[in-house]
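Numbering (my numbering), first residue to last: 2 to 269.
Here's what the structure looks like:
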């Protein structure tokens with residue numbers, strides 16, 4: 002239809018309508034169109050805002066989980082490095098196993114998330130403290146020893162001159178002194194893969210992932226070698242991480258809808 006005909010038709014129709022209607026309808030149509038456009042743009046903008054917010058929250062949660070894991074995995078290395086430094090500075094003697102025991106016990110008391118701290122030497126002696134940090138570990142200890150221990154329970158391990166090549170584990174009193182023998186087995190730890198790996202590395206490092214000899218669970222060790230003045234290896238300060246404990250750490254993270262998190266360090 003020609004434009005002139007459309008115009009004449011519009012004028013003819015408009016001429017039959019009240020002036021009020023003729024003036025209001027175009028205005029209303031304009032408003033409706035504008036509102037619809039605004040709502041559409043708002044919807045699109047809202048979609049993008051929600052997606053951006055979700056992405057930001059996921060990024061923040063990922064960063065916080067990463068930070069928590071980094072801190073958790075740094076602690077074993079900080080512990081073995083501190084013990085190595087104490088020997089270098091002459092404040093800790095490798096010949097005084099009672100002094101070493103007290104040092105290790107203090108560390109277990111100060112760091113509630115620390116799984117273990119120990120010293121293993123080239124003569125086959127070992128002294129260490131450990132802590133049950135995960136449910137799977139607790140259950141395996143129960144099967145192995147018959148002891149129904151709770152998460153957080155400390156234990157003491159040693160290979161002594163009195164019992165060479167026999168690793169013995171004890172429950173401890175409030176001062177960390179061995180109290181009740183709960184498990185023992187024959188063991189020359191110097192032949193274990195992690196020990197050989199630590200000797201070959203000749204520096205502070207992580208071991209490869211391995212299965213604990215006493216428990217069928219996976220773990221890895223932070224190890225720091227100690228040498229005498231002639232460069233002869235004396236032994237290693239060691240602190241372990243059971244891989245199952247990592248999930249325990251992550252389960253203790255509680256995120257709010259805003260992406261904030263809380264963690265109770267004393268619960269591990």
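Beta carbons are placed, not taken as given, at the ideal position from N, Cα and C, and that holds for glycine.
This structure is a prediction, so every number in the text was calculated from the model and none was measured.
Is residue 80 near residue 240, with beta carbons less than 9 Å apart? The residue labelled residue 80 in the question sits at position 79 within the chain shown. The residue labelled residue 240 in the question sits at position 239 within the chain shown. It is a contact, given that the beta carbons lie within the stated cut-off.
Hey, is the region 179–193 in contact with the region 205–217, meaning 3+ C-beta pairs nearer than 8 Å? Verdict: yes, contact present.
Opening and closing residue of the beta strand (DSSP E) in which residue 172 lies: The residue you call residue 172 lines up with position 171 of the chain shown. Taken as a continuous stretch (DSSP letters only), the beta strand (DSSP E) holding residue 172 covers 167–173.
Would you be able to state if there are at least three C-beta pairs under 8 Å between the region 215–234 and the region 104–112? No, they do not touch.
Use the C-beta contact count for residue 67: other C-beta atoms within 10 angstroms, 16 or more gives buried, fewer gives exposed. Counted from its first residue, the chain shown places residue 67 at position 66. Per the 10 Å Cβ criterion, exposed.
How many Å lie between residue 92 and residue 238 at the Cα? The residue given as residue 92 occupies position 91 in the chain shown. The residue given as residue 238 occupies position 237 in the chain shown. Each residue's alpha carbon lies about 15 Å from the other.
Among all the DSSP beta bridges, which residues are the ones paired with residue 159? Walking along the chain shown from the start, residue 159 turns up at place 158. Residue 159 is bridged to 128 and 169.
Straight-line Cα distance separating residue 77 from residue 133: For the purposes of this step, residue 133 is taken as the residue at position 132 of the chain shown. For the purposes of this step, residue 77 is taken as the residue at position 76 of the chain shown. Answer to the nearest angstrom: the Cα atoms are 15 Å apart.
If you drop the 5 nearest sequence neighbours on each side, which residues of the same chain put their C-beta closer than 7 Å to that of residue 235? Counted from its first residue, the chain shown places residue 235 at position 234. Only 95, 122, 123, 227, 228 and 229 meet the Cβ criterion.
With a CB to CB cut of under 7 Å and the five nearest residues on each side skipped, what residues in its chain are close to residue 165? For this step, residue 165 is matched to residue 164 along the chain shown. Correct list, in chain order: 125.
At a cut-off of 8 Å, would you count residue 101 as near the ligand GTP, judging by its Cβ distance to the nearest heavy atom? Of ligands this structure carries none, so the ligand GTP is not represented either.
Give the DSSP-derived three-state secondary structure of residue 67 in the structure shown. One-based indexing of the chain shown puts residue 67 at position 66. Residue 67 falls in the helix class under three-state DSSP.
Determine the burial state of residue 224: buried for a count of at least 16 other Cβ atoms within 10 Å of its Cβ, exposed for fewer. Locating residue 224 in the chain shown gives position 223, where the first residue counts as 1. By the 10 Å Cβ count, residue 224 comes out buried.
Under 9 Å, do residue 84 and residue 120 count as touching if we go by C-beta distance? By 1-based counting over the chain shown, the position of residue 84 is 83. By 1-based counting over the chain shown, the position of residue 120 is 119. Cβ distance < 9 Å, so residue 84 and residue 120 count as in contact.
Report the rounded CA-to-CA distance for residue 102 versus residue 178, giving the unit in angstroms. Taking the chain shown and counting its residues from 1, one reaches residue 102 at position 101. Taking the chain shown and counting its residues from 1, one reaches residue 178 at position 177. If I take the Cα positions, the gap works out to 9 Å.
What are the boundary residues of the alpha helix (DSSP H) that residue 154 is part of? Here residue 154 corresponds to residue number 153 of the chain shown, with the count starting at 1. Looking at the DSSP string, residue 154 is not in any alpha helix (DSSP H), and its letter there is neither H nor E.
The beta strand (DSSP E) that contains residue 224, what's its start and end? Here residue 224 refers to the residue found at position 223 of the chain shown. Unbroken beta strand (DSSP E) run through residue 224: 219–228.
Residue 173 and residue 155 look like a contact to me (Cβ under 8 Å); what is the Cβ gap, rounded to whole Å? By one-based count along the chain shown, residue 173 stands at place 172. By one-based count along the chain shown, residue 155 stands at place 154. Going by Cβ atoms, the distance from residue 173 to residue 155 rounds to 5 Å, so yes, they are a contact pair.
Beta-ladder partner(s) of residue 234, from DSSP: Locating residue 234 in the chain shown gives position 233, counting from the first residue. Residue 234 is bridged by DSSP to 228.
Just to confirm, are residue 242 and residue 105 a CB contact at a threshold of 9 Å? For this step, residue 242 is matched to residue 241 along the chain shown. For this step, residue 105 is matched to residue 104 along the chain shown. In this structure, the beta-carbon distance from residue 242 to residue 105 does not fall below 9 Å.
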